[in-house]
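The next block holds one structure in the form of structure tokens; read it before the comments.
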Amino acid sequence: MRPALLSALCLQAACALACAPASAQAPAESRSILVLDASGSMWGQIDGQPKIAIAREAVDAMLEGWNDGNLGLMAYGHRRKGDCEDIELLIEPTGFDPAAIHRQVGALNPKGMTPISAAVRRAAEQLRFTEHKATVILVSDGDETCLADPCALGAELEGLGIDFTAHVIGFDIETGSQAQQQLQCLASSTGGRYLAARAAGELNRALQTITEEPTPVVEPGKTAEIHFNDGCVAYDQENYTGNRMQMGGSADSRVREVPEAWRNGIKSLACKAGCGILVFTEPGYDGENYSIPDGSQFPSMPSDYARPFGSFDMGCSAIMEQEDSSEGGAEQGEVPDATIKPDVKSPPDESPTE
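In terms of mature numbering (1 follows the signal peptide of the UniProt record, and there is no 0), the sequence shown is residues -24 to -1, 1 to 330.
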């Protein structure tokens, strides 16, 4: 090849690399939109407090722990009555400004309809879900009121998107109702999670459960191999006595059914650091749900958790074994052992099956 032609080709290649858009050089930052129900029913009260006020407090708590990149805000039903087009993107998902989100949520005045499907679709489009990973977090206290099917929408967005996920919190929604079925299907069809919340504390915990995902941090020049620790142990008597049930501890956080003998609840619980549980009151991750925080040590279960125990979703934060590729050495993060006592033999045929 002639030197002049080779030089020209090299210049073209260098320009192509230097002039390439940033999105082609590095993966885009994570982007999410919180879609908040501001329909008229959010003026309904729970324990004497308007649901919109409870939602504001829960969003503030979520913002304090947010560590998942850019976060936008969308609301529906907050400007006009009877208008299924009353959907507004209040904050674009191009950064994270908790003060601005706090102000906007505080200014919402519920009054209108519940266009769930149209709002989630619009949020997905704002996130450019056909080009990038996109996550929508929906908080709704009712079913679709604008002649659309959230379940069908979820399947559509999942099929069209690169990596689209809708997490849904059903706030003060009756178990087994049409609203619950719609919202559960919207979440499950996109690989997201559906959580039910009936009170202030439950809504708070639900938002934190959805948004607090462990993010491994790897030192420069090292690669991380993810391991998981040993889960939790439940007891049918207080002070870690009686029959025991080993709960989870695997990398896949599959939902497990609880044996019949344990359905009325557990009396004490010991979890290793980094391990927590999402509990459902009914088998098949149905009914109410509540989260038990990572590393909990309860010789006697608090009243918040002394409820039926039908199924659970075990989750353990990742710990890392960092291997320096240049030296071949390894460092392993330590996880403190939980105090689990005594080692009581489990009853026959009562360990959860995989």
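Even glycine gets a Cβ: it sits at the ideal position worked out from N, Cα and C. The structure displayed is predicted, hence computed values, not measured ones.
**OP:** Using three-state DSSP, classify residue 142 as helix, strand or coil.
**Re:** strand
**OP:** Whole angstroms is fine: what's the gap from residue 163's alpha carbon to residue 169's?
**Re:** 5 Å
Original post:
If you draw a straight line from the alpha carbon of residue 240 to that of residue 249, how long is it in whole angstroms?
Top reply: Using only the alpha carbons, I get a separation of about 26 Å.
**OP:** Measure the CB-CB distance between residue 93 and residue 120 and report whether it falls below 7 Å.
**Re:** yes
**OP:** Write down every uninterrupted run of the beta strand (DSSP E) in the region 239 to 304 whose length is 3 residues or greater and which is fully enclosed by it, in chain order.
**Re:** Within the region 239 to 304, complete beta strand (DSSP E) segments of at least 3 residues are found at 244 to 247, 251 to 258, 262 to 268, 287 to 292 and 295 to 300, given in chain order.
Subject >> Length of the line joining the Cα atoms of residue 155 and residue 118 >> reply: 6 Å
Original post:
What are the partner residues of residue 12, as DSSP defines its beta bridges?
Top reply: Answer is 51 and 115, bridged to residue 12.
Original post:
Taking just the CA atoms, how far does residue 243 sit from residue 237?
Top reply: Straight-line Cα distance between these residues: approximately 13 Å.
Original post:
To which residues does DSSP link residue 147 through a beta bridge?
Top reply: 173
Original post:
Bridge partners of residue 213, per DSSP?
Top reply: 217
Subject >> Buried or exposed by the 16-neighbour rule on C-beta atoms within 10 Å, applied to residue 27 >> reply: With at least 16 other beta carbons inside 10 angstroms of its own, residue 27 counts as buried.
Original post:
Can you tell me where the beta strand (DSSP E) with residue 68 in it begins and where it stops?
Top reply: Neither: residue 68 is in no beta strand (DSSP E) and is coded neither H nor E.
Original post:
From residue 261 to residue 246, what does the alpha carbon distance come to, in whole angstroms?
Top reply: 22 Å
**OP:** Compare the beta carbon distance of residue 99 and residue 112 with 7 Å and say whether it is the shorter of the two.
**Re:** yes
**OP:** Specify, as a first and last residue, the run of the alpha helix (DSSP H) that residue 62 falls within.
**Re:** Careful: residue 62 lies outside any alpha helix (DSSP H) and carries neither H nor E.
Subject >> Between the CA atoms of residue 110 and residue 104 - distance to the nearest angstrom >> reply: 7 Å
Subject >> Residue closest to residue 270, alpha-carbon to alpha-carbon, out of 209, 286 and 258 >> reply: 209
Original post:
In whole angstroms, what separates the C-alpha of residue 214 from that of residue 283?
Top reply: If I take the Cα positions, the gap works out to 15 Å.
Original post:
To which residues of the same chain is residue 10 closer than 6 Å at the C-beta, ignoring the five residues directly before and after it?
Top reply: 49 and 113
**OP:** Note down the Cα distance separating residue 96 from residue 219, rounded to an integer number of angstroms.
**Re:** Distance between the alpha carbons of residue 96 and residue 219 is about 46 Å.
**OP:** Can you tell me which of the three DSSP states residue 223 falls into?
**Re:** strand
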